[in-house]
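Numbering (UniProt numbering), first residue to last: 1 to 810.
Here is the structure we will look at.
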Ligand code: GLC
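Here it is, written out as structure tokens:
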């Protein structure tokens with residue numbers, strides 16, 4: 001190891017420069033720059049390792065972000081407090097202020113009410129003279145009281161509250177993975193702190209390899225460490241967890257509304273060998289009267305694993321196959337891996353080589369590895385021209401009728417390096433980690449233009465997804481892209497849905513999927529799913545049913561499995577499993593108006609579909625501990641069975657009143673919240689509860705989606721003094737007219753009034769709708785409905801499609 005030059009403690013600032021939108025503190029070797037990119041958000045660039053340059057620099061060097069969207073710079077206020085060694089400088093906006101202790105070089109973050117949200121105990125850095133890559137180490141420690149919960153961190157294992165865990169941010173292909181495997185495929189260095197019901201957010205916008213110790217080693221400290229020269233942090237005000245998520249996604253982007261078909265049932269298998277297999281699955285679905293919207297083609301469709309080719313013996317007429325599927329209402333999605341076969345004469349390789357688009361090894365030769373194609377080269381997706389070129393490559397597949405693209409192995413995964421370790425040794429310069437490889441990927445020192453892999457590994461997939469998404473927007477501007485990705489970084493939600501990679505048919509993985517998807521959702525990735533009922537291993541019929549029941553509420557529902565494992569299509573398990581699986585797939589389709597509305601909400605506000613209970617009960621520690629249950633949107637509480645042979649389960653109901661709603665219909669007496677309950681759950685049942693004041697909109701089941709202008713619609717409303725629900729509708733594809741319906745209600749002293757207001761140009765597709773209202777006593781009179789009936793606590797109202805106001809006199 002080379003000699004270390006420590007630039008750490010004691011840090012202090014002896015100077016500051018202030019402009020309207022930027023305040024910079026200068027130490028002898030370090031700097032801290034503060035800006036406010038958005039309301040309730042401060043950017044704190046910690047540069048601990050500037051060395052002697054700190055004294056002469058008047059501005060910190062600019063830096064590229066892969067995640068953060070363009071934004072305005074907001075004015076900052078600045079105020080000095082105290083004297084001498086005690087002196088602090090308070091920099092802030094209306095919503096947040098940062099108190100910087102000059103003598104210590106540390107800071108405290110306060111909200112508008114003066115409450116301390118966070119405290120940085122230290123930041124420090126090291127620079128080593130080594131060649132060529134592992135030169136930096138930057139650290140930052142947040143003081144974290146023991147009762148502070150830590151949520152988010154993207155795709156991570158463990159409970160919802162990650163306190164006491166350590167994570168590495170280094171996108172990794174791991175097979176098989178286990179409930180304690182880290183790192184996995186995605187790196188999203190964003191987290192929410194939650195204490196006394198108040199949330200705040202912390203995002204480290206560093207693509208470099210990073211680690212975080214979430215109060216594992218030091219019970220009072222959350223320590224972040226990066227292999228890069230600085231720590232570019234964003235802090236977000238709450239006070240609610242939803243406020244933090246909204247602000248984080250305002251900064252890093254939101255998932256665009258996907259095409260409706262991608263929310264339908266999806267079937268995949270690594271092992272469908274040819275067009276005949278695909279046809280058989282399609283017919284299997286229709287024969288079993290199972291809903292299906294999408295079929296995936298895994299790597300076997302390619303000729304010799306060459307991306308953008310077809311194996312014509314297996315798939316003689318891909319366009320014909322796509323047409324045949326389309327006649328059944330089913331889309332085809334093809335897998336696209338980044339590894340390009342190194343084969344002279346193969347167009348993709350030739351173009352990439354000629355344009356200098358490929359990742360190189362330390363020595364400067366094009367890096368050769370092995371993935372499915374052998375040998376393989378890797379396009380450098382960190383560069384804009386490479387992304388553009390890649391985007392255009394989708395043209396022929398679109399023309400063939402392929403509807404979506406599945407980006408896999410994009411960590412990037414590389415099974416074997418052929419010349420990856422070729423490197424220089426520079427005389428007289430100590431070299432550390434030359435040729436070092438972590439996981440099955442490229443070495444730290446691989447070259448991406450003038451950057452090294454250690455710096456950009458985590459954003460490789462983000463670049464690929466960006467190229468794919470933007471290419472699709474350009475090539476088919478009238479359609480919404482559907483891209484699915486395994487790897488990613490903060491901001492991936494702008495381009496792709498995420499699935500959690502190669503899980504197994506373990507009950508533990510079924511359960512783990514909940515906290516993983518909740519963590520992803522809190523980290524901006526609202527459109528996500530996991531392989532149902534597990535990619536590796538052998539699923540049972542019971543597992544298929546239970547996993548489909550849970551999957552009915554995943555934003556994305558895909559059945560996928562690995563080569564060599566038993567077939568997993570729903571009919572492979574016999575009865576009663578097939579019928580029960582069908583029943584829950586049909587429930588999924590019934591839920592589509594609500595799911596689609598939630599996806600729309602995610603696209604405009606950033607809130608995920610699957611939300612932890614604490615989202616709406618932030619001060620409730622019992623709710624925080626419920627990480628095997630979640631909210632589907634705001635109003636529907638879902639408590640799936642996550643264990644074999646279980647037919648009842650414990651549930652904690654957070655504040656509010658809850659109507660048992662197990663088969664998407666009332667299934668018991670209304671319960672008060674803030675209590676534990678035991679719910680019955682025979683194999684056909686998922687315990688569900690509908691919140692008082694909330695509603696879900698359901699339609700009829702269908703074999704596939706067509707439009708999100710629902711012809712049949714039933715609102716299920718749980719009455720409360722205030723009622724609020726929404727429905728978003730459009731064609732389900734493209735960028736045409738839409739309509740947002742808002743249903744608001746008030747119930748007081750013997751009268752419940754429901755009103756419907758709409759925005760948008762989309763014409764109404766239905767003559768009538770049904771409203772089922774629960775929790776009201778028998779009405780004396782109903783005004784505004786065509787008909788009404790009341791039985792067993794349920795008031796059913798048949799109304800005109802364009803109803804405006806209903807008055808229920810009690
Ligand atoms: C990877 C993917 C998996 C896919 C397989 C073959 O393991 O994670 O989903 O089926 O590669 O392409």
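Yeah, the Cβ is synthetic: ideal placement off N, Cα and C, and Gly gets one too.
Local conformation of residue i per DSSP, three classes
i	result
residue 798	strand
residue 72	coil
residue 745	strand
residue 318	helix
residue 535	coil
residue 689	strand
residue 658	strand
residue 604	helix
residue 621	helix
residue 172	coil
residue 283	helix
residue 177	coil
residue 613	helix
residue 299	helix
residue 188	coil
residue 500	coil
residue 150	strand
Where residue i falls, given that 16 or more other Cβ within 10 Å makes a residue buried
i	result
residue 586	buried
residue 306	buried
residue 235	buried
residue 77	exposed
residue 521	buried
residue 678	exposed
residue 549	buried
residue 283	exposed
residue 385	exposed
residue 478	exposed
residue 97	buried
residue 648	exposed
residue 493	buried
residue 196	exposed
residue 361	buried
residue 14	exposed
residue 297	buried
residue 106	buried
residue 75	exposed
residue 594	buried
residue 645	exposed
residue 355	exposed
residue 673	buried
residue 131	buried
residue 552	buried
residue 787	exposed
Whole-angstrom C-beta distance between residue j and residue i, which should lie under 8 Å
i	j	result
residue 259	residue 701	Residue 259 to residue 701, Cβ: 19 Å. No contact.
residue 141	residue 223	5 Å
residue 37	residue 204	Contact flag wrong, Cβ pair sits at about 15 Å.
residue 714	residue 741	So it is not a contact: roughly 14 Å between Cβ atoms.
residue 624	residue 147	11 Å between Cβ atoms; not a contact.
residue 211	residue 166	7 Å
residue 455	residue 208	5 Å
residue 615	residue 242	6 Å
residue 123	residue 302	Going by Cβ atoms, the distance from residue 123 to residue 302 rounds to 48 Å, so no, they are not a contact pair.
residue 695	residue 687	19 Å between Cβ atoms; not a contact.
Taking the runs of the beta strand (DSSP E) that are 3 residues or longer, which of them lie wholly in the region 209–247?
210–214, 221–226, 231–236
Run through the region 521–593 for me and flag every whole beta strand (DSSP E) of 3 or more residues, listed as ranges in chain order.
557–559
Which runs of the alpha helix (DSSP H) at least 4 residues long sit entirely within the region 460–497? Give them in chain order.
460–475
Runs of alpha helix (DSSP H) lying entirely within the region 51–98, each at least 4 residues, in chain order:
The qualifying runs are 53–56.
Of all the alpha helix (DSSP H) runs that stay within the bounds of the region 305–388, which reach a length of 4 or more residues?
Counting whole runs of 4 or more residues, the region 305–388 contains the alpha helix (DSSP H) stretches 318–327, 347–354.
Give, in chain order, every unbroken run of the alpha helix (DSSP H) that is at least 4 residues long and sits entirely within the region 383–455.
For the alpha helix (DSSP H) assignment, the uninterrupted runs of no fewer than 4 residues enclosed by the region 383–455 are, from N- to C-terminal side, 384–392, 395–400.
Can you list, in chain order, the stretches of the beta strand (DSSP E) that have 3 or more residues and sit fully within the region 751–804?
751–759, 768–774, 781–783, 787–791, 794–800
Runs of 3 residues minimum, wholly inside the region 696–748: which ones carry the beta strand (DSSP E) assignment?
714–718, 722–730, 738–748
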